[in-house]
Amino acid sequence: MVIGQFMAVLDVQIVASSLSQIQAGVGASSDEISWVQTIYLLAEVVMIPLTAYFSKMWGTRPFFMAAVATFIVASILTGLSTTFEMMIVTRALQGLAGGAMIPQVFASAMTVFPPERRVTANVVVGLIVTLAPTVGPTIGGHLTEALGWRWLFYINVIPGLLSLFLVSRYVNFDKGDPSLSKGIDWIGLALMAVFLLSMQYVLEEGAGDGWLKEGKILWLSVLALLAGVAFAWRQLTYRQPIVSLAPFTDRNFALGTVMNFVSGMSLYSGTFVLPLYLAQVRGFSPAQVGTTMLVSGLTMFLAAPIAGRLIRTMDLRIGLVVGFSLVGIGLGQGLHVGADWGFNEFLVLQVCRGLGAMIGMIAASQMSISTLPLSMMKDGSGLLNLIRNVGGAVGLAMVTTILAHQSAVHLGELSASLNSSSLEAQGMMTQLSGMMQASGALDPDGGMRKLMGMMLRRQALVMAFADVFMFLTAGCAVAVGLALLARPAPAVPVQPPGGGGH
Numbered sequence: 022m023v024i025g026q027f028m029a030v031l032d033v034q035i036v037a038s039s040l041s042q043i044q045a046g047v048g049a050s051s052d053e054i055s056w057v058q059t060i061y062l063l064a065e066v067v068m069i070p071l072t073a074y075f076s077k078m079w080g081t082r083p084f085f086m087a088a089v090a091t092f093i094v095a096s097i098l099t100g101l102s103t104t105f106e107m108m109i110v111t112r113a114l115q116g117l118a119g120g121a122m123i124p125q126v127f128a129s130a131m132t133v134f135p136p137e138r139r140v141t142a143n144v145v146v147g148l149i150v151t152l153a154p155t156v157g158p159t160i161g162g163h164l165t166e167a168l169g170w171r172w173l174f175y176i177n178v179i180p181g182l183l184s185l186f187l188v189s190r191y192v193n194f195d196k197g198d199p200s201l202s203k204g205i206d207w208i209g210l211a212l213m214a215v216f217l218l219s220m221q222y223v224l225e226e227g228a229g230d231g232w233l234k235e236g237k238i239l240w241l242s243v244l245a246l247l248a249g250v251a252f253a254w255r256q257l258t259y260r261q262p263i264v265s266l267a268p269f270t271d272r273n274f275a276l277g278t279v280m281n282f283v284s285g286m287s288l289y290s291g292t293f294v295l296p297l298y299l300a301q302v303r304g305f306s307p308a309q310v311g312t313t314m315l316v317s318g319l320t321m322f323l324a325a326p327i328a329g330r331l332i333r334t335m336d337l338r339i340g341l342v343v344g345f346s347l348v349g350i351g352l353g354q355g356l357h358v359g360a361d362w363g364f365n366e367f368l369v370l371q372v373c374r375g376l377g378a379m380i381g382m383i384a385a386s387q388m389s390i391s392t393l394p395l396s397m398m399k400d401g402s403g404l405l406n407l408i409r410n411v412g413g414a415v416g417l418a419m420v421t422t423i424l425a426h427q428s429a430v431h432l433g434e435l436s437a438s439l440n441s442s443s444l445e446a447q448g449m450m451t452q453l454s455g456m457m458q459a460s461g462a463l464d465p466d467g468g469m470r471k472l473m474g475m476m477l478r479r480q481a482l483v484m485a486f487a488d489v490f491m492f493l494t495a496g497c498a499v500a501v502g503l504a505l506l507a508r509p510a511p512a513v514p515v516q517p518p519g520g521g522g523h
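Residue numbering for the sequence shown follows our numbering, beginning at 22 and increasing consecutively.
Shown next, in the form of structure tokens:
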């Protein structure tokens, strides 16, 4: 099941460093190509909270196998896409299948294993959730350069078939309840779909459209608010809710969702910001971006057993404080980001962020379910994964907005500082004009002004990236404060001699 989960989470970010190649391959415009990621997330977000209900109704094995089979077929069709419209349809199908796989793994890990082994199982699941989106750009960049962008999707076939075979043979620990097919809350399902789709669209597209200044974004925001309130009321009053909100009555689960929201913001935003900086400021190729980002993935992989041991032996609140403090320290390095930063300069940032994200994510997941009854585990898993994805979407939206706004602000400030009375500005302009004349430019003054404009825009963008790192660091500081509000979790039982088990 973890193999399937890894594919589903990986496919969110595997296209991140290869969007320009995909754009050329399917003939998409620059405005359309972002939908290759957006539509996947939209479909995934809608399916995740429904997974608990469907797995209860059909049973874990048949439902998971159906999701894996659908994901394999959708991946092949996405790789074969020749038009943008075909890719959007197949990516949506991929997202639905991926959203059906992700929560089931965590729910199974927390119910199938005995208490003394659940932390270890949580470490494995946490490793996948944090590692997959981080190594996505790395795998995607190298794969695109070696075999072409279509292999970003064909690569899912072999692991998908392996997951399908293993699940069919070994996953047999629950039975479905066919009676749940009677009385499905179709109204609640429709309200949830409208709420999540509207919210996700606003978060994905709002920054580019000026948020509430644009009519469509404004009305979709109102629609998301009304549908969200109606959905919550429906789930609290209907006899057979499509999504149970009962886990929120547990204090640790409620706080845990906030921590997972923040960890989603940190994880997805950090994975988004670094490749964006390397591509826009440094002009790195997809392979160079992938190589630089490899540090985060390698750190998380090596940190997984350390994080598991720490979480098993310490108060979960300490794990949350340590984890998010490390992430904050790492991201805080970006406050001093310069226009020439590359692999070496981002090394400490990625190591601290990778180690902290591993500890914080596992501690947040463990805290969320530490006092939750087993009967609520499937519902809780779906809600946690949904909150984490929404946190990622909110983080990306805020990062995009900060970059756009602060770039304009810093550009204005830099332009204003270069007035004619500034001796430094005059000297720089004279030097640039001399360079243009020496190169034989037909219009030295025009070339000088163009070059100066490029330099100012680049510097303004670098300063805006520093502001983004400040925002993400502040978010981690808030998470550290919230961690102290949780109740102490029950001690994890020590595994008995001989391995315990069932």
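All C-beta atoms, glycine included, are put in the ideal place defined by N, C-alpha and C.
Model, not experiment: these values are computed from the prediction.
Check: Can you tell me the Cβ-Cβ gap for F92 and G181, rounded? I've got them flagged as a contact below 8 angstroms.; Outcome: 6 angstroms
Check: Give the single residue among I383, F322 and A300 whose Cα lies nearest to the Cα of G340.; Outcome: I383
Check: Just to confirm, is the Cβ distance from V188 to M86 under 8 angstroms?; Outcome: yes
Check: Note down, in chain order, each residue of its chain lying with its Cβ closer than 8 angstroms to the Cβ of M321, except the 5 sequence neighbours on either side.; Outcome: L148, T151, L152, T155, G375, L376, A378 and M379
Check: Is there contact here, the region 360-371 with the region 312-328, by at least three beta-carbon pairs under 8 angstroms?; Outcome: yes
Check: In the region 51-92, which residue ranges form an unbroken alpha helix (DSSP H) of at least 4 residues, counting only runs that do not cross its ends?; Outcome: 56-68 and 72-79
Check: Within 10 angstroms of its Cβ, does P518 collect 16 or more other Cβ (buried), or is it exposed?; Outcome: With a pLDDT of 38 at P518, under the threshold of 50, the modelled position of this residue cannot be trusted; read the value that follows with caution. By the 10 Å Cβ count, P518 comes out exposed.
Check: I need the DSSP call for S287, collapsed to helix, strand or coil.; Outcome: helix
Check: CA-CA distance, I179 and P124?; Outcome: 22 angstroms
Check: Three or more C-beta pairs closer than 8 angstroms, one from the region 191-206 and one from the region 54-69: is that the case here?; Outcome: no
Check: Taking 6 angstroms as the limit between beta carbons, can you name the residues of its chain near M213, skipping five residues before and five after?; Outcome: F252
Check: Are there three or more Cβ pairs, one per stretch, closer than 8 angstroms when the region 383-392 is compared with the region 272-288?; Outcome: yes
Check: Taking buried to mean at least 16 other C-beta atoms within 10 Å of its own C-beta, is I327 buried or exposed?; Outcome: exposed
Check: I want to know whether the region 397-405 touches the region 282-300 - three or more CB-CB distances under 8 angstroms.; Outcome: no
Check: Inspect the beta-carbon positions of G355 and F174 and report whether they are closer than 8 angstroms.; Outcome: no
Check: Am I right that L424 and A485 are in contact with their C-beta atoms under 8 angstroms? What's the rounded C-beta distance?; Outcome: 5 angstroms
Check: Are the CB atoms of T141 and Q42 nearer to each other than 8 angstroms?; Outcome: no
Check: Rounded to whole angstroms, what's the CA-CA distance from G169 to V57? Just pull it up for me.; Outcome: 16 angstroms
Check: Can you tell me the Cα-Cα spacing of P394 and Q34, whole angstroms?; Outcome: 33 angstroms
Check: So, using beta-carbon positions, are I408 and C373 closer together than 8 angstroms?; Outcome: no
Check: Whole angstroms is fine: what's the gap from P514's alpha carbon to Y259's?; Outcome: Reliability fails at P514, whose pLDDT of 46 lies under 50, so the model's placement of it is uncertain and no value is given.
Check: Count the other C-beta atoms from every protein chain shown that fall within 10 angstroms of the C-beta of A73, then say buried if there are 16 or more, exposed otherwise.; Outcome: buried
Check: Could you compute how far the alpha carbon of T421 sits from the alpha carbon of G25?; Outcome: 30 angstroms
Check: Grab the span of the alpha helix (DSSP H) containing F105 for me, first residue to last.; Outcome: F105 to V133
Check: Between the C-alpha atoms of P268 and L257, what's the straight-line distance to the nearest angstrom?; Outcome: 12 angstroms
Check: Considering only the beta carbon of each residue, do V47 and T104 sit closer than 8 angstroms?; Outcome: yes
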